[in-house]
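These notes are about the structure you will find just below.
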Amino acid sequence: MKTLLITGANRGIGLEFCKQYAADGWRVLACCRDPGKADELNRLAARHPDLIKLHALDITNHAQIEQLAKTLSGESIDLLLNNAGIYPAADKHGFGHTDYAEWMAAFNINTMAPLKMVETFVEQIARSKLKLIVTITSQMGSMDDNSSGGSYLYRSSKAAANMVVKSLSVDLKAQGITSVAFNPGWVKTDMGGPNAMIEVEQSVADMRKVIAGLTLADSGKFIGNDGVVIPW
Ligand code: NDP
Numbered sequence: 353m354k355t356l357l358i359t360g361a362n363r364g365i366g367l368e369f370c371k372q373y374a375a376d377g378w379r380v381l382a383c384c385r386d387p388g389k390a391d392e393l394n395r396l397a398a399r400h401p402d403l404i405k406l407h408a409l410d411i412t413n414h415a416q417i418e419q420l421a422k423t424l425s426g427e428s429i430d431l432l433l434n435n436a437g438i439y440p441a442a443d444k445h446g447f448g449h450t451d452y453a454e455w456m457a458a459f460n461i462n463t464m465a466p467l468k469m470v471e472t473f474v475e476q477i478a479r480s481k482l483k484l485i486v487t488i489t490s491q492m493g494s495m496d497d498n499s500s501g502g503s504y505l506y507r508s509s510k511a512a513a514n515m516v517v518k519s520l521s522v523d524l525k526a527q528g529i530t531s532v533a534f535n536p537g538w539v540k541t542d543m544g545g546p547n548a549m550i551e552v553e554q555s556v557a558d559m560r561k562v563i564a565g566l567t568l569a570d571s572g573k574f575i576g577n578d579g580v581v582i583p584w
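Counting in our numbering, the sequence shown runs from 353 upward without gaps.
This is the structure:
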């Protein structure tokens with residue numbers, strides 16, 4: 353049986369990953385800030401009591417990440433999915449109105465937390481069968497794709513996350529661990545909004561298909577939900 357550890361599991365893309373992997377018979381270690389308020393995730397876990405376990409985790413709280421790793425020390429984690437992220441509201445105000453405190457918060461969540469998760473869970477990942485780390489970044493973190501400017505906080509935090517993914521692919525290669533960055537597409541979630549291009553079910557199904565075919569040779573790639581490599 354394969355095991356997924358995922359952050360931001362209570363809504364949006366994270367919740368859908370939990371649904372689809374559990375339906376496929378995976379064990380799901382579903383992390384979210386407040387399990388007591390994660391109604392939909394709790395209902396899902398009640399339908400799969402042997403597969404889905406909820407864990408409280410604010411990914412900016414490094415002590416909590418370390419405590420969770422101790423709790424889960426006996427696990428083999430086939431797939432770590434760094435999914436949780438924010439689009440800082442301050443980004444809407446544009447050039448000349450940068451909120452530097454919020455930028456720091458975006459870096460904490462979008463950039464530093466994925467690395468902290470890997471540093472803390474690397475042993476459990478290394479002892480698993482699949483040894484996969486997938487970090488959901490964004491096409492908005494692509495230098496090549498940036499023709500519209502703006503979104504300084506989100507773009508820079510996701511571009512930096514892409515670099516984290518790349519360095520991990522080099523540093524963890526000897527352990528047989530694959531590290532990739534994914535753009536999920538523009539997805540109808542709270543973040544993506546109602547005008548987004550893809551339903552969350554489709555985006556996650558697409559990404560799962562690509563994830564299922566990943567090998568160590570793919571490590572260090574930035575991939576779209578359609579499986580096509582995205583220029584950095
Ligand atoms: P949502 O806004 O719907 O969900 C974000 C999730 O991240 C929530 O579960 C939220 O938890 C969690 N989260 C935020 N901050 C923290 C934190 N400090 N600790 C733990 N969890 C946290 O976003 P999506 O599902 O759309 O996005 C998922 C990922 O996909 C993100 O990384 C996003 O940047 C990326 N992405 C999304 C796109 C889209 O079109 N939707 C496009 C490109 C990339 P809580 O409920 O507690 O706030």
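We treat Cβ as the ideally placed atom computed from N, Cα and C, and that holds for glycine.
Inter-segment contact for the stretch 556 to 573 and the stretch 521 to 529 is present: three or more beta-carbon pairs are separated by less than 8 Å. Residue 506 places its beta carbon less than 7 Å from that of residue 439. A Cβ-Cβ separation of about 7 Å places residue 406 in contact with residue 390 under the 8 Å criterion. Not one heavy atom of the ligand NDP is found less than 6 Å from the C-beta of residue 486. In terms of side-chain proximity, the C-beta atom of residue 391 is found no nearer than 6 Å to any non-hydrogen atom of the ligand NDP. Annotation: the continuous beta strand (DSSP E) that includes residue 574 extends over 574 to 576.
Collapsing the DSSP output to three states places residue 407 in a strand. Of the candidates 462, 511, 532 and 496, 532 places its Cα closest to the Cα of residue 560. Between the beta-carbon of residue 555 and that of residue 358 there is about 15 Å, and that puts the pair past the 8 Å contact cut.
For residue 514, the secondary structure class from DSSP, reduced to helix, strand or coil, is helix.
By the C-beta density criterion, residue 530 is buried, having at least 16 other C-beta atoms within 10 angstroms. If you look at residue 399, you'll find it in the alpha helix (DSSP H) that goes 391 to 399. For residue 560, there is no enclosing beta strand (DSSP E); the enclosing alpha helix (DSSP H) covers residues 552 to 564. Residues 454 of the same chain have their beta carbon placed closer than 8 Å to that of residue 441, with the five preceding and five following residues left out of the count. Cα atoms of residue 569 and residue 369: separation of roughly 24 Å, rounded to the nearest angstrom. Assignment of residue 507 by DSSP, reduced to helix, strand and coil, places it in the helix class. Annotated as distal: residue 420 and residue 431, with beta-carbon spacing of 7 Å or more.
Using a Cβ distance threshold of 7 Å, residue 490 and residue 443 do not count as a contacting pair. Assignment of beta-bridge partners to residue 487 by DSSP yields 434 and 533.
Separation of residue 353 and residue 460 (C-alpha to C-alpha, rounded to the nearest whole angstrom) is 33 Å.
Taking a C-beta distance under 7 Å as the contact criterion, residue 400 and residue 382 do not qualify as a contact pair. For residue 380, no alpha helix (DSSP H) run applies; the uninterrupted beta strand (DSSP E) run containing it begins and ends at 379 to 384, by DSSP. By the C-beta density criterion, residue 423 is exposed, having fewer than 16 other C-beta atoms within 10 angstroms.
In this structure residue 361 does not touch residue 411 by the C-beta definition: roughly 11 Å separates them, more than the 8 Å allowed.
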